[in-house]
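Student: Sending over a structure as structure tokens; questions will come in a sec.
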Amino acid sequence: MKHSLLLLSIFIGIVNCSYAQYVINIHNNVRINGKVSSIVTKDLYPQPNFTVDTVIFKQIFDNEGQCIREDNSRMYDSHRSDTAALSKEIYRTWHTYYTYHYNHSGRLVKVTWMRDKDDAKGTISFDKQGRPVKDEYISPGNYWTETKKHYDANGNMINQFTYYHDNFMVEDICKYDENGRVIETAQEGRNWHHTLNYFEYEAFDDKGNWTTVVWLNKDHKLAHYSFREIKYAD
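Numbering (the working numbering), first residue to last: 192 to 425.
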């Protein structure tokens, strides 16, 4: 499917709090309780034959609480029950850099980013409430997407429409629980609808941000785990 799991991650967040900021990056434009100095997210994808694929995102923030760099590492690590079997590890690491743009009144209007792995770049635009409302992405080879986001009265992003360079369009939809946490995501195209993931939140830190999430597929079977460690400046 063209619409990758990368874009689905934007739905995972906490929204009901006395102070919250949108954490801006290409993976999860979400709200986080507290002023953040760094976030490390580790996604573990159990595979057949005792293989675990691991993706690690490390986000670095400035003194204003803005994400300025993201380090992304992907590891394929094979652990087998047969001790005589060989383990194979392949690492790939790339970095994404963010620049913040303000209007004459000091309001954030857009964030531009660039990734060193493939020279991909993009722009995230904001409304007057400080919410990300449009993502534009372009990579070498003239591949591009444009994503428009919509919110409910509580600031939860309820759906987004992504338009592709070849006129393909996908709508992502999410459902929330009473605490403002995403519990289900789905996708719709012109003639189809798919439930993609269900989410179970197993652990939280002192500020109420999740630290462990279990992703379930459409059949309610394990898809992968997400573990998150957040360090705060406040």
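Here a beta-carbon is modelled for each residue, glycine too, at the ideal position from N, C-alpha and C.
Just so it is clear, the structure is predicted and the values come from calculations on it, not from any experiment.
How many whole angstroms separate the CB atoms of Trp-335 and His-356, which I take to be in contact at a CB cut-off of 8 Å?
Tutor: 5 Å
Student: Can you round the beta-carbon distance between Asp-234 and Lys-249 to whole angstroms, since I take them to be within the 8 Å contact cut?
Tutor: Not quite, the Cβ-Cβ distance comes to about 12 Å (not below 8 Å), so this is no contact.
Student: Could you please give me the residues that DSSP links to Asp-343 through a beta bridge?
Tutor: DSSP lists no partner for Asp-343.
Student: Just to confirm, is the Cβ distance from Thr-290 to Arg-419 under 7 Å?
Tutor: no
Student: Let me know if Pro-331 comes out buried or exposed under the rule of 16 or more other beta-carbons within 10 Å of its beta-carbon.
Tutor: exposed
Student: By DSSP, does Ala-149 sit in helix, in strand, or in coil?
Tutor: Residue numbering for the chain in the displayed model covers 192 to 425; residue 149 lies beyond these limits and cannot be assessed.
Student: Expressed to the nearest angstrom, what Euclidean distance is found between the alpha-carbon atoms of Val-324 and Asn-350?
Tutor: 11 Å
Student: Do you know how far the Cα of Asp-326 is from the Cα of Thr-353?
Tutor: 9 Å
Student: Applying the 10 Å Cβ sphere with the 16-neighbour rule, what's the burial state of Asp-363?
Tutor: buried
Student: Which term fits Ser-417, buried or exposed, when burial requires 16 or more other beta carbons within 10 angstroms of its beta carbon?
Tutor: buried
Student: Our contact map puts Arg-222 next to Gly-346 with C-beta atoms below 8 Å; I'd like the distance itself, whole angstroms only.
Tutor: 7 Å
Student: With a Cβ-Cβ cutoff of 7 Å, do Ile-247 and Asp-253 count as a contact?
Tutor: no
Student: Check this for me: beta carbons of Lys-312 and Trp-285, under 7 Å apart or not?
Tutor: no
Student: Hey, how far is the Cα of Glu-379 from the Cα of Arg-298?
Tutor: 34 Å
Student: Under 7 Å between the Cβ atoms of Gly-174 and Tyr-392?
Tutor: Any property of residue 174 remains undetermined from this structure, which presents the chain solely from 192 to 425.
Student: Have a look at Gly-371 and Thr-403 and give me their C-alpha separation to the nearest angstrom.
Tutor: 16 Å
Student: Considering only their Cβ atoms, is the gap separating Arg-322 from Tyr-342 smaller than 7 Å?
Tutor: yes
Student: How would you write the range of the beta strand (DSSP E) that Gln-351 sits in, first residue to last?
Tutor: 348-355
Student: Under 7 Å between C-beta atoms, does Phe-352 make it to chain B?
Tutor: Absent from the structure is chain B; it holds one protein chain and no more.
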